[in-house]
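Before any comments, here is the structure.
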């Protein structure tokens, strides 16, 4: 078996996932480049009581904090709740919580466009971080859909210097990109594997000529599957020189 090549992950991964990739010749070195902490549960409880039950989620943390807050206050998810969310881990958390999403999308802007097109409600509640992208709120407001933004968790940057050699980086959010580039630079031949176009665009802002590979679906598995043909081809070319 050839020596594994190293990929940097800008968020912590499960040990079982890393072990499986190692068996495939991929060594993952994972770091927490951003930290997330729940905000006051009270904000969630008040939002559920005082707003129509059209809820928008664009992150797993948003869903998990929403559910934890309801359990803390012994409030049930409204029976008439209409859920709009992103695919991948966000959708998995929605389903695990016993909710069924009416609309799902691979990006926040796509989700906003679907909400506008379906026009189920003129008012939605967006459970988000204190650091969030503007695409979804701006698109909804432009379409005269009122949006109540409820901050359910806080995101802080946790930039670290990477000293090991690596051939690719996994980026899961624009915040992760910002945190990574605060203390690190990369060479032109490093693959930047991004969970979506918004994250890839943030990489391009930091490094216009970066080699970006964008996942078709917002999941780690798809990110790796999409990137592997490019990385292995590059490996073969370098070996043949």
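In my numbering, the protein residues as written are 1 to 241. No residue lacks a Cβ here, since even glycine has one placed at the ideal position from N, Cα and C.
Residues near residue 160 by beta carbon distance below 6 Å, same chain, minus five either side: Taking C-beta separations shorter than 6 Å and ignoring five residues to either side along the sequence, the partners of residue 160 in its chain run 31, following chain order.
Boundaries of the beta strand (DSSP E) in which residue 101 is found, first to last residue: 101–105
Separation of residue 164 from residue 125, as counted between CA atoms: 43 Å
Among 15, 24 and 158, the one whose alpha carbon lies nearest that of residue 224: Comparing Cα positions, the closest option is 24.
Residue 69 versus residue 218 - alpha carbon distance: 25 Å
Simplified DSSP state of residue 41, which is helix, strand or coil: Residue state, collapsed to three classes: helix.
Nearest neighbour of residue 169, chosen from 203, 146 and 151 [CA to CA]: 203
Neighbour-count burial assignment, residue 209, 16 or more Cβ in a 10 Å radius: So residue 209 counts as exposed.
Inter-residue Cα distance where the pair is residue 8 and residue 167: 8 Å
Burial state of residue 232 (16 or more Cβ within 10 Å): So residue 232 counts as exposed.
The stretch 141–157 touching the stretch 89–96, judged by at least three CB pairs closer than 8 Å: no
heavy atom of the ligand NAD below 7 Å from residue 170 C-beta: Here there are no bound small molecules, and the ligand NAD is not part of this structure.
Straight-line Cα distance separating residue 138 from residue 220: Near 28 Å, if we compare the C-alpha coordinates of residue 138 and residue 220.
Sequence-distant residues of the same chain with beta carbon closer than 6 Å to residue 175, five excluded per side: Sequence-distant partners of residue 175 (beyond 5 residues in either direction) whose C-beta falls short of 6 Å from its own C-beta, in its chain, are 34, 131 and 155.
Beta-carbon proximity of residue 189 to residue 214, cut-off 8 Å: no
Burial state of residue 110 (16 or more Cβ within 10 Å): buried
Local Cβ density within 10 Å of residue 1, reported as buried at 16 or more and exposed below that: Its pLDDT being 38, under 50, residue 1 is placed unreliably in this model, and the value from its coordinates should be taken loosely. Result: exposed.
Identified DSSP bridge partners for residue 123: 146
Residue from 140, 29 and 41 with nearest C-alpha to residue 122: Nearest option by C-alpha distance: 140.
Residues of its chain near residue 158, where Cβ-Cβ distance is below 7 Å and the 5 sequence neighbours each way are ignored: 32, 33, 34, 35 and 179
Nonlocal neighbours in the same chain, by C-beta distance under 6 Å from residue 78, ignoring five residues either side: 53
Per DSSP, cross-strand counterpart(s) of residue 214: Assignment of beta-bridge partners to residue 214 by DSSP yields 194.
Buried or exposed (CB count within 10 angstroms, at least 16 for buried), residue 96: exposed
Assumed close pair residue 145, residue 116 - CB separation to whole angstroms, cut-off 8 Å: 7 Å
Anticipated Cβ contact below 8 Å, residue 195 with residue 43, distance rounded: That pair is no contact at about 27 Å.
Residues near residue 107 in its chain [Cβ-Cβ closer than 7 Å; skip 5 each side]: 196, 197 and 198
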